[in-house]
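Residue numbers for the sequence shown follow the numbering used here, so the first one is 98 and each next one is one higher.
Every residue gets a Cβ at the ideal spot worked out from N, C-alpha and C, and that includes glycine.
Please read these numbers as outputs of a predicted model, since none were measured by experiment.
The block underneath contains the structure these notes are about, expressed in structure tokens.
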Amino acid sequence: QLNPALQAARDNKIKVAMIGLCGCWGCTLSMLDMDEALLGLLDKVTILRSSLTDIKRIRERCAIGFVEGGIANEENIETLKEFRENCDILISVGACAVWGGVPAMRNEVELSDCLREAYVDSVTAVPDAIPTIPYHEDIPRITTRVYPCHEVVKMDYFIPGCPPDGATILKVLDDLINGREFDLPASINRYD
Ligand code: SF4
């Protein structure tokens, strides 16, 4: 529970949050790579749910939401839709969010073949163990394809790259909170 003065100060700032869906957390690490440069924005923004704060849920409306990762299971869909409802501006960060990225390589094969390769015919399968595809009601059901975020909800902006670096994310954030149109160079569309 924040003290009332701190709460009031935070309420007057632009609220920013980031969620991770089906990705590798590399884009989330880029957010961390903003390092001390982020300090210069903290008089204007407050960070809610994100890897920076370790807040798991947002219960208040956000001005700007960043999304890492695409959609690979039903929980991803639910999380993204809820985030969309709570954010004024939603931004796909990185190749996985923008077009599915590496996880979308499984779209080239049938889901059943993909699961069999992963759990039954895998070269890392334990010898003599009974191969089985895990199933439990608590495990989110995976979708037949991996989708980019904009095929599930409306996304307002896209930051390409795998991953885009911290300076790029910072520039987008800085431009948005200062009301500038941003124009990212084509050179950020790279895969490190
Ligand atoms: Fe990881 Fe690249 Fe996907 Fe970002 S875009 S989550 S760095 S694989």
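Return the Cβ separation of Gly-191 and Cys-259 in integer angstroms, given the expectation that the two are a contact with Cβ distance under 8 Å. Between Gly-191 and Cys-259 the beta-carbon gap is near 6 Å, inside 8 Å, which marks them as a contact.
From the DSSP secondary-structure annotation, give me the bridge partner or partners of Tyr-216. Under DSSP, Tyr-216 shares a beta bridge with no residue.
Which of the three DSSP states, helix, strand or coil, is assigned to Gly-167? Correct three-state label for Gly-167: strand.
What does the shell around the ligand SF4 hold, if a residue joins when its beta-carbon is under 6 Å from any heavy atom? Every residue passing the under-6 Å Cβ criterion appears here: Gly-120, Cys-121, Gly-123, Cys-124, Glu-165, Gly-166, Gly-191, Ala-192, Cys-193, Gly-198, Val-199, Cys-259, Pro-260.
List the DSSP bridge partners of Met-115. BP columns for Met-115 point to Phe-163.
Of all the options Ala-283, Leu-270, Glu-278, which has the alpha carbon lying nearest to the alpha carbon of Val-142? Nearest C-alpha to Val-142: Leu-270.
Across the stretch 236-251 and the stretch 173-187, are there enough close Cβ pairs to call them in contact, namely three or more that are closer than 8 Å? The count of Cβ pairs closer than 8 Å, one atom from the stretch 236-251 and one from the stretch 173-187, reaches three, so the stretches are in contact.
6 Å Cβ shell around Arg-154 - same chain, five flanking residues per side excluded: No residues qualify anywhere along the chain.
Run the CB neighbour count on Tyr-216, radius 10 Å, all protein chains shown included, and call it buried at 16 or more, exposed below. So Tyr-216 counts as exposed.
What are the boundary residues of the beta strand (DSSP E) that Val-223 is part of? In this chain, Val-223 is not harboured by any beta strand (DSSP E), its DSSP state being neither H nor E.
Cβ of Arg-203 within 8 Å of Cβ of Val-243? Yes, the pair counts as a contact, with Cβ atoms nearer than the cut-off.
Could you round the C-beta distance between Pro-245 and Ala-194 to whole angstroms and report it? I think they count as a contact, below 8 Å. Indeed, because the Cβ distance is near 7 Å, the residues count as touching under 8 Å.
Continuous alpha helix (DSSP H) stretch holding Asp-315: start and end: Residue coverage of the chain in this structure runs from 98 to 289, which leaves residue 315 outside it and unanswerable.
Look at the alpha carbon of Leu-138 and the alpha carbon of Asp-132, and state the distance between them as a whole number of angstroms. CA-to-CA, the gap between Leu-138 and Asp-132 works out to about 11 Å.
Among Arg-146, Pro-257, Ala-222, nearest to Gly-117 - alpha-carbon criterion: Taking each of Arg-146, Pro-257, Ala-222 in turn and checking the Cα distance to Gly-117, the smallest one comes out for Arg-146.
Between Phe-279, Pro-282, Thr-241, Glu-172, which lies nearest to Glu-234 when the distance is taken from Cα to Cα? Distance check between Glu-234 and each of Phe-279, Pro-282, Thr-241, Glu-172 places Glu-172 closest, using alpha-carbon atoms only.
What residues in its chain sit with their C-beta under 8 Å from that of Asn-170, if we drop five residues either side in the sequence? Its chain contains Cys-119, Pro-237, Arg-238, Ile-239, Thr-240 as the residues whose beta carbon lies nearer than 8 Å to that of Asn-170, once the 5 sequence neighbours on both sides are disregarded; these appear in chain order.
Just checking my contact of Leu-135 with Leu-281 at CB under 8 Å: how many whole Å lie between their CB atoms? With 8 Å as the limit, Leu-135 and Leu-281 do not qualify as a contact, their Cβ atoms being about 18 Å apart.
Leu-149 to Cys-211 span [Cα, whole Å]: Leu-149 and Cys-211 have their C-alpha atoms spaced approximately 34 Å apart.
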